[in-house]
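With my numbering applied, the sequence shown has no gaps in its numbers, which climb one by one up to 105 at the end.
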Amino acid sequence: MTEIEGGARGLYHLSGIALFGPGFHLHLYGSEGTIKVDLGNDTLEIGRAGDDSLHEPEIPADQRGDWRVEDEFIGAIRGPSRSA
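Following this line, the structure appears as structure tokens:
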């Protein structure tokens with residue numbers, strides 16, 4: 022159980038070896054809606070109170086992120102870049 026700023030509470034269930042588990046998913050449930058991320062298939066679905074089902078949101082191309090974990094890790098090790 023965790024509590025974050027604003028008083029929201031959360032519960033984490035993590036397993037890297039769940040036999041026949043649903044895969045690598047992240048589900049966020051709130052009083053106003055749900056967010057479902059399928060990390061294996063790289064999909065995002067959302068639903069708000071009153072929606073009939075979850076759906077993929079429209080995200081403008083200029084607001085989409087890319088996988089940058091390696092770049093950010095290397096940058097953190099090297100530190101801030103310096104100009105000559």
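Note that the Cβ used here is the ideal one computed from N, Cα and C, for glycine as well.
> Quick one, which of ASP72, ALA97, GLY61 has its alpha-carbon nearest LEU47's?
Replying inline: Position 26 of the sequence shown, counted from the start, is the residue given in the question as residue 47. That would be GLY61, whose Cα lies nearest to the Cα of LEU47.
>> To the nearest angstrom, how far is the alpha carbon of SER52 from that of LEU35?
In response: In the sequence shown, counting from the first residue as 1, residue 52 sits at position 31. In the sequence shown, counting from the first residue as 1, residue 35 sits at position 14. Roughly 23 Å separates the two Cα atoms.
> Got a sec, what are the start and stop residues for the alpha helix (DSSP H) ASP63 sits in?
Replying inline: As a working mapping, residue 63 is identified with position 42 in the sequence shown. Careful: ASP63 lies outside any alpha helix (DSSP H) and carries neither H nor E.
> How long is the line joining the alpha carbons of PHE41 and ASP59, rounded to whole angstroms?
Replying inline: Taking the first residue of the sequence shown as 1, we reach residue 41 at position 20. Taking the first residue of the sequence shown as 1, we reach residue 59 at position 38. Straight-line Cα distance between these residues: approximately 16 Å.
>> DSSP three-state label for GLY99, please.
In response: Position 78 of the sequence shown, counted from the start, is the residue given in the question as residue 99. Residue identity differs from the one stated: residue 99 is Arg in this sequence, not Gly. If DSSP states are grouped into helix, strand and coil, ARG99 belongs with the helices.
> Since GLY71 sits in a beta bridge, which residues does DSSP pair it with?
Replying inline: For the purposes of this step, residue 71 is identified with residue 50 of the sequence shown, where counting begins at 1. DSSP lists no partner for GLY71.
>> Using the three-state DSSP reduction, which class does ASP172 fall into: helix, strand or coil?
In response: This structure cannot settle anything about residue 172, because the visible part of the chain is limited to 22 through 105.
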